[in-house]
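If you're matching positions, the sequence shown starts at 1 in UniProt numbering and goes up one per residue.
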Amino acid sequence: MGRATPAGDGGDDLKASWPEVVGWVTLNAAYQINRDRPDLSTAFYVLPTPLPTDYDRNRVIIVSDERDVVARTPVIG
1 MGRATPAGDG GDDLKASWPE VVGWVTLNAA YQINRDRPDL STAFYVLPTP LPTDYDRNRV
61 IIVSDERDVV ARTPVIG
């Protein structure tokens, strides 16, 4: 679920992806994302649950495995 270019509105310096939290426990990743961007909400999905197809610029999608470990880079969307 990583992206070649940062997600978001572009043109600003706000963080839009969190590759550093891959491998972290999901809750710890959510805390870090909230510290970096308190203006965003987080949505949690466990593989292989289908991910949303709509884009929401106010949401960060966190995808974890069955052990509750972040499996993909969380991004805005």
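Beta carbons are placed, not taken as given, at the ideal position from N, Cα and C, and that holds for glycine.
Keep in mind the model is a prediction, meaning the values are calculated, not measured.
Taking only heavy atoms of the ligand COA into account, decide whether any of them is closer than 7 Å to the Cβ of residue i.
i   : result
L27 : Among the components of this structure there are no ligands whatsoever, and the ligand COA is therefore not found.
Identify, in the order they occur along the chain, each residue of the same chain with its Cβ nearer than 8 Å to the Cβ of residue i, setting aside the five sequence neighbours on each side.
i   : result
A71 : V22, L47, V63, S64 and D65
V69 : G23, W24, V25 and T26
Thinking just about the alpha-carbon of each residue, which of the options is nearest to the one in residue i?
i   : options               : result
I76 : D39, W24 and N28      : D39
D36 : V69, S17, L51 and W24 : S17
R67 : K15, L14 and Y45      : Y45
Tell me which same chain residues have a C-beta within less than 6 Å of the C-beta of residue i, skipping the five on either side of it?
i   : result
E20 : none
V43 : The amino acid at residue 43 is misidentified as Val; the sequence shows Ala. Excluding residues within five positions, the ones whose Cβ falls inside 6 Å are R59 and I61.
Y55 : G77
P52 : none
G2  : Note on G2: pLDDT 48, under 50, position unreliable in the model; the coordinate value appears next. The answer, listed in chain order, is T73.
In the DSSP assignment, the alpha helix (DSSP H) including residue i goes from what residue to what residue?
i   : result
A71 : Element bounds for A71: n/a, residue is neither H nor E.
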